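In this note's numbering, the protein residues as written are 82 to 256.
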C-alpha cells in the first residue's frame, strides 16, 4: 500500500493507492484510488451515514479453496471481507451501498480469456445481491481501462476512463 499526501485539490486528506489484489476499508476520510482497471474490477462499499468506505482492486471472480492469497484478489472474498471490516469500523450494514467499476475487454490482453471481465462483473453483482447490499452505481464493460477515485470523506466516487476527457461521477459527494 502506498499513501500520497499533499494533493493540491485535497490538501487536508491522504490519498491511498489500492493495488492489484488489495483492498482497504477506512473510516477517516481518505481518498482510495485504484489505477489501471481493465478486466479487473474496482469494488466500492460506502456507508453515507457513518462515513465508512472501502475499495478493492480484484482480478478474478472466485477464490479456489485453500488458495491462501489475499482476500482482495477475488471478487467474492473482497466483497465479504470489506463488508465485515466496514461493520467492524462502525458502518451500519443496512446503510451500505455497493459500486462496481471496470470489467473491460482490453485488446492488449488477448491471452486473458474474454469471459474473465464479464465473470468479474457478474460475480460482483451476485455477491452484493446475496449479501443484501444494493448496487447504486456501475461503470463497467467496454474496451478502455479505468481509474476509480473514492473520497470516503464525502462519498464521491469518480471514474476516469482512458482517452475520455470527462470523468464519470458514480456518486456525488455529500458536502
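For every residue, glycine included, the Cβ atom is placed at its ideal position computed from N, Cα and C. Computed from a predicted model, the values in this text were never measured in an experiment.
Return the Cβ separation of residue 178 and residue 138 in integer angstroms, given the expectation that the two are a contact with Cβ distance under 8 angstroms. Actually they are not in contact, since the Cβ atoms of residue 178 and residue 138 sit about 19 angstroms apart, beyond 8 angstroms.
May I have the straight-line CA-CA distance separating residue 253 from residue 217, to the nearest angstrom? 11 angstroms
Own chain residues within Cβ distance below 6 angstroms of residue 171, not counting five before or after: 108, 131, 133
Residues near residue 174 by beta carbon distance below 6 angstroms, same chain, minus five either side: 168
With distances taken Cα to Cα, identify the nearest neighbour of residue 160 among 207, 196, 115, 248. 207
Taking DSSP as the reference, what is the three-state secondary structure of residue 204? Note: residue 204 maps to helix in three-state DSSP.
Roughly how many angstroms lie between the CA atoms of residue 238 and residue 121, to the nearest whole one? 17 angstroms
Environment of residue 92 [buried if 16+ CB atoms lie within 10 Å]: Since pLDDT at residue 92 reaches only 45, below the 50 mark, its modelled position is unreliable, and the value read off the structure follows with that caveat. It counts as exposed.
With residue 136 and residue 113 assumed to form a contact (beta carbons below 8 angstroms), what rounded beta-carbon distance in angstroms separates them? 4 angstroms
For residue 224, is the classification buried or exposed, using 16 other Cβ atoms within 10 angstroms of its Cβ as the cut-off for buried? exposed
How should residue 150 be labelled, buried or exposed, when 16 other C-beta atoms within 10 angstroms of its C-beta is the threshold for buried? exposed
Kindly indicate which three-state DSSP category residue 127 falls into: helix, strand or coil? strand
What are the partner residues of residue 218, as DSSP defines its beta bridges? 180
Looking only at DSSP bridge pairs, what is residue 240 linked to? 229, 249
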